[in-house]
Amino acid sequence: MIHVKPAPDQNDEVRPAEDSALRSAISTSSRLAPSAGDTLLGFAYVITTSGVSIGYLFIVRRSASNDYYWPDFNTTATQTFLGDIFNLKLPHVPRGTTTTLAFNSSLAIAKDYSVSTTLIDTNPARARALLLAAIPLDQVIPALRTNPFNNNIQLLTPYCWVDFSRSFELAHSAIRQQRCLRSDIDNGAVYLDALLRNTPVADLMSSQYFGFLNYSVFAAVRATAQGQAWLATTLSHSFLDPGLEIQAWQQAGIVRWQSQLNNGLTRGIDETIVIENALGLRTTITVNNVGFVPMGNVALWTTRKSYVGFASEILYCTQYIKCSLVRSAPN
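Take a look at the structure:
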């Protein structure tokens with residue numbers, strides 16, 4: 036006979052092992068539940084940290100209102116004032132030196148900076164003044180390399196020599212050549228070589244002026260063995276490192292670049308200053324911007340009576356006079 040044991044009823048008691056596990060889970064859950072004190076402490080922590088954060092934002096709100104972290108800085112007042120101060124003081128600071136400005140009543144400017152229409156005062160002659168001063172070589176060389184040859188050759192400075200070794204003279208007269216020796220022997224602006232060695236060969240040979248230059252200057256230079264060697268180097272050179280290029284200039288006795296006054300155009304300039312805040316973050320702002328303006332009326336170009344420019348000279352020599360600008364040439 037087979038005996039079948041009935042299944043336990045759902046209302047039967049839980050086995051002892053299961054009952055023990057359940058009691059353990061309930062006990063653990065009760066231990067993890069926060070007490071009233073813990074809850075109050077948590078609320079206090081959240082409220083305190085939120086209050087401190089809000090207070091911090093309230094404290095730094097003026098400084099964080101702009102990219103410079105400068106309280107109350109804006110373009111119509113603070114930036115305009117800074118531009119006026121730098122434009123007023125910079126012309127009196129020798130190039131290559133540093134100075135300190137004390138922000139006190141001595142910097143006061145009689146000007147209303149509270150209105151949005153206030154603009155920075157700029158000097159249209161600032162660019163011309165900078166170009167007429169002696170420009171350091173470490174600034175000139177990158178500028179020559181940046182500008183195309185067709186622009187650089189139109190610099191209105193009378194040349195004295197073709198090469199750095201001063202083997203080929205370019206002054207129009209013996210008196211002028213003596214003045215070159217006396218006043219400009221250390222001036223890189225009067226050496227054609229300074230321009231050519233900082234012009235890419237492809238840019239030079241593709242220029243509209245290359246044919247004029249070849250006829251009025253290179254033809255006479257090519258007549259000597261020394262000139263042939265110099266010309267071969269010039270027409271196949273690669274740029275030296277700027278530091279080595281400066282050394283080459285200095286070895287030739289050249290220490291400055293200074294051009295001649297001319298009013299054939301209005302020189303442009305873009306001057307900026309760098310502001311560094313307490314966090315070491317730097318931001319650049321413009322304090323002077325004057326656009327380049329070509330001379331519209333040639334009759335107003337009065338300095339052309341003194342010097343018409345090297346670009347015009349090589350053109351006239353090639354197309355009309357059939358001459359050479361090299362003093363040793365027979366023509």
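Here my numbering is used: the first residue of the sequence shown is 36, the next is one more, and so on. Here a beta-carbon is modelled for each residue, glycine too, at the ideal position from N, C-alpha and C.
Rounded to the nearest whole angstrom, the C-alpha separation of A267 and V309 is 44 Å.
Under the three-pair Cβ rule at 8 Å, the region 316 to 335 counts as touching the region 113 to 133.
The DSSP-derived three-state label of T181 is helix.
A distance below 8 Å between beta-carbons, with the five flanking residues on each side excluded, links N233 to the following residues of its chain, in chain order: I176, L179, R180, F274, E280.
The beta-bridge partner set that DSSP reports for E280 is empty.
Y91 carries a helical assignment under DSSP once its states are collapsed to helix, strand and coil.
When the beta-carbon positions are compared, V225 and Y250 stay at least 7 Å from each other. With a cutoff of 7 Å on beta-carbon distance, A206 and S359 are scored as not near each other. By the Cβ criterion, the region 155 to 173 is in contact with the region 294 to 304, since at least three pairs of Cβ atoms, one from each stretch, lie closer than 8 Å. In this structure the region 325 to 341 does not lie against the region 228 to 243, because fewer than three pairs of beta carbons, one per stretch, are closer than 8 Å.
For V325, the enclosing beta strand (DSSP E) covers residues 317 to 325. Sorting A260, L248, A364, D238 by C-alpha distance to the C-alpha of Q354 places L248 at the top.
In the DSSP annotation of this structure, the continuous segment of the alpha helix (DSSP H) that includes E348 starts and ends at 345 to 351. A direct Cα-Cα distance of roughly 22 Å separates N222 from G262. Within 10 angstroms of the beta-carbon of T269 lie 16 or more other beta-carbons, which makes it buried. Under the three-state reduction of DSSP output, Y250 falls in the helix class. Assignment of beta-bridge partners to N222 by DSSP yields R291.
With 16 or more other Cβ atoms from the protein chains shown falling within 10 Å of its own Cβ, T115 counts as buried.
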